[in-house]
Amino acid sequence: MRKQWLNSGLPVLVAATLATSAAWAQAVDTARIEAGGQNDWLTYHGSYKSYHYSPLSQINAGNVSNLGVAWIHIPGRSTRGLQSMPLVADGVLYYTGSYSRTFALNGATGEVIWSYFPELDEALVARQTHSPYNRGAALGEGKVFVGTMDGRLIALDTKTGKVMWDTKLIDSQKLTVGFTGAPLYAKGTVVIGAQGGEWPGRGPIFGVDAATGKKKWEFLTVAGTDDAMKTWGNDSWRTGGGGGWMPGTYDAENNTVLWGTANPAPLYDWSGADYKTQGARPGDNLYTTSVIALDIDTGKLKSYHQELPHDAWDFDSAVGEFVMLDRDGQKYVVHPNKSGYIFVYDRNLGVKNVWRITQNSNFVKDIDPKTGALIGRRDFTAGKVSEPLCPHISGGVSWNSGSYNPKTGLYYKLGQEWCMNLEVQKTTPIVAPQAQLNIGADFKITPPPGGEIYGHLDARDPITGTKKWEVRFPEPPLGSVLSTGGNLVFVPDSRGTVHAYDADSGAELWSHGDGTGHQGGIISYAVNGKQYIAVVAGFGGMASDDYAPTFGGVYKSMPRDDGALVVYSLK
Amino acid sequence: MRLTRNITTLSTPTLAVLLTISALPSRAQQPPPPAPDNGQIDVAQLFATTCGWCHSAGGRAAGKGPQLMDTKRDDDFIRNRIKNGKEGAMPAFGAAFSDAQIEDIIKYIRALKPQEG
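Chains as they are written, first to last, in this note's numbering: chain A, 10 to 580; chain B, 48 to 164.
Rendered as structure tokens:
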């Protein structure tokens, strides 16, 4: 029998204290998330518009030098650091740590209202590679929704942390994967995507009834339709990978969930140029490395765009935000691909433009900005690849999110400049007794030809990609970006410093050390008229584990099992 | 050096059965089935399949995990680390690979030489 350890000390009392927030009793619902209230941060991407932007301006370019630590929370057992995006509703901050530890804190003081540590199948977790971090929760209908590495989606009462339902969705014993990404709540449904990509499965995305926890639908990102099945030669769909390991968003006008899907397995293929008929997985491999639009009520596919047909480089579409913006009467969706190419769509996922944020990129010569077609793709055969592949497997952009500021009209996004030496090898999927990674190559990180590894924060027009300014970092920052109505852009970097920049010029206005590297979320919110900035600190994981051997320096002693939530306000 | 033994692979029908079973969520957490006893393994291929994300260049270079070539660790340490892993650093493969397969992995590590070119 599964037990839950629940520290529910004083929830009622603290709730009463927070009743100064007039909206305390107001449930978080679809309309509220759509509106994206000024004082709150109600869903992973801030609101369904996915701006990672707060209109709050109490902290601004004129006074940010007075920003200091208001309070800190230590979640404990932060194996592989902290990677989640906090949420705030009505003065209560909710966030998750490794092993899906979930906390509700008083947003003004950090006082713990309740905490919930799910009992997990620890033996299973010990067998996983992309684990035990958790990247966030969702709010809706008086519940906090959180996924687990052992394949469950759990709903907790927002006021007490009591388990409302606990639904097993994946047989993680067999498939090894579970849930590390945040769910999305909209219109009575909780949507969550499984890990996948390099694991030989079919990468399901689930829709679950928010009230009861019953599964409503399941969409298989590998060969999920008859048409898609035809794009996997030699029955390779059986071990095709896929998945949707980060949250997408909800388009209320179209009753649609937009979601990015993961890469196919093996990551690297030995097909050579004739990938339609040769290699590990002949064909385009639908719907991997795609952006898909699903009917939120049924999970039926409405439209899609495969950003990289037959992805042979592990450049997912699962990463990143879906920036929904209007310009000159057109409605756009801006979505970064892990390769560093940024796709601009209409709301039916028709390609309107494609631009690139990275300097060093050679997996294709280009992507046609009018059609999205790949030009001059590099498809490998087995053996050593002569020229380094750029970008590195950790991507031209991180899985974390950029920020769009509607006041400046600029999209603030981090780019990563690094490459890898690669030797492609023929592999065979291992599915028993548990599924194992299927990479298809040996590789090693390397600097770009003729240069050094670095990262950069760009301020760009989200539609055209025109760059207004850039700030460089000696090592790529891996965390999310926040912009605010105070004309500020916040970047938590890998060395452990949070920077604030002038949103118009890129001039650095403030910085503060958090004591360890960042690779997670950053938000802003207000309680009782006071603005706060909350950021998770704590390093370790698939990208950051490369930093100590690659860069040395501060990374050599940086813990990979520690973390803290650090909250700032004006002194 | 490549230990030229056959990898544990699955025929397509077997795969289909396994995946069908795996698609059925079970409420109770069952212990995993024991590792196969006699399956032979091509360790070089195994590194390119599973291990190489962390142990770069087939174990010849440090990556997320340590360089394995010329390791000073003894066999008992390596055996234990493969079987039980290390929290937050390396998965446990004791349920995935048999004792004989793990011995093959140790032999591969001991035989690692720098790649030419």
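Just so it is clear, CB atoms sit at the ideal spot from N, CA and C, and this is done for glycine as well.
Neighbour-count burial assignment, residue i, 16 or more Cβ in a 10 Å radius
i	result
Asn-496(A)	buried
Lys-239(A)	exposed
Ser-74(A)	exposed
Asp-235(A)	exposed
Thr-189(A)	buried
Met-48(B)	Unreliable placement is indicated for Met-48(B), whose pLDDT of 36 sits below 50; the coordinate value is still reported in the next sentence. It is exposed - the Cβ of Met-48(B) has fewer than 16 other Cβ atoms within 10 Å.
Pro-458(A)	exposed
Ile-179(A)	buried
Arg-336(A)	exposed
Gln-339(A)	exposed
Ile-439(A)	buried
Arg-504(A)	buried
Thr-111(A)	buried
Pro-127(A)	buried
Ser-395(A)	exposed
Gly-522(A)	exposed
Ile-156(B)	buried
Ile-83(A)	exposed
Glu-426(A)	buried
Phe-124(B)	exposed
Backbone secondary structure at residue i - three-state DSSP
i	result
Asn-75(A)	helix
Gln-115(A)	The sequence shown places Asn at residue 115(A), rather than the Gln named in the question. Residue state, collapsed to three classes: strand.
Leu-65(A)	coil
Val-490(A)	coil
Cys-101(B)	coil
Trp-294(A)	It should be noted that the sequence gives Asn, not Trp, for residue 294(A). Three-state DSSP puts Asn-294(A) in coil, outside helix and strand.
Val-90(B)	helix
Phe-124(B)	helix
Val-536(A)	strand
Thr-525(A)	coil
Glu-426(A)	strand
Phe-548(A)	coil
Asn-362(A)	strand
Asn-243(A)	helix
Asn-414(A)	strand
Close beta carbons around residue i, own chain, < 7 angstroms, minus the five adjacent residues each side
i	result
Ile-366(A)	Gly-349, Ile-351, Gly-405, Val-406, Lys-422, Gly-424, Asp-467
Gly-392(A)	Glu-432, Val-433
Gly-549(A)	Arg-89, Gly-90, Arg-569, Asp-570
Ile-301(A)	Trp-268, Thr-270, Leu-310, Tyr-313
is_contact[residue i, chain A] using C-beta, thresh 7 angstroms
i	result
Lys-130(B)	no
Ser-145(B)	no
Ala-158(B)	no
Lys-111(B)	yes
Thr-118(B)	no
Pro-161(B)	no
Ile-153(B)	no
Gln-92(B)	yes
For residue j and residue i, believed in contact at Cβ under 8 angstroms, the rounded distance
i	j	result
Pro-275(A)	Thr-297(A)	That pair is no contact at about 12 angstroms.
Thr-286(A)	Gly-242(A)	7 angstroms
Tyr-284(A)	Asp-388(A)	5 angstroms
Asn-362(A)	Ile-472(A)	6 angstroms
Ile-402(A)	Met-429(A)	6 angstroms
Phe-140(B)	Lys-154(B)	Incorrect: roughly 16 angstroms between the Cβ atoms, too far for contact.
Val-360(A)	Ser-59(A)	Between Ser-59(A) and Val-360(A) the Cβ distance is about 19 angstroms, and since that is not below 8 angstroms, they are no contact.
Gly-205(A)	Gly-212(A)	3 angstroms
Test: residue i CB closer than 7 angstroms to a CB of chain B
i	result
Asp-570(A)	yes
Ile-214(A)	no
Thr-88(A)	yes
Asn-447(A)	yes
Thr-286(A)	no
Arg-136(A)	yes
Thr-157(A)	no
Gln-443(A)	yes
Pro-558(A)	yes
Gln-434(A)	yes
Ala-232(A)	no
Ala-302(A)	no
Contact set for residue i: own chain, Cβ-Cβ below 6 angstroms, skip 5 residues either direction
i	result
Pro-501(A)	Gly-488, Val-507, His-527, Ile-531, Val-544
Val-576(A)	Ala-79, Trp-80, Tyr-541, Ala-543
Leu-334(A)	Tyr-341
Asp-232(A)	First, the residue type needs correcting, since residue 232(A) is Ala and not Asp in the sequence shown. Closer than 6 angstroms at the Cβ level, and outside the excluded window around Ala-232(A), lie Met-238, Trp-241, Trp-246.
Same chain, Cβ closer than 8 angstroms to residue i, five either side skipped, listed in chain order
i	result
Asp-278(A)	Tyr-284, Gly-288, Ala-289, Arg-290, His-319, Ala-321, Asp-388, Phe-389, Val-433, Gly-449
Leu-51(A)	Val-37, Arg-41, Ile-42, Gly-45, Leu-96, Val-97, Ala-98, Leu-148
Gln-47(A)	Ser-63, Pro-64, Leu-65, Ala-535
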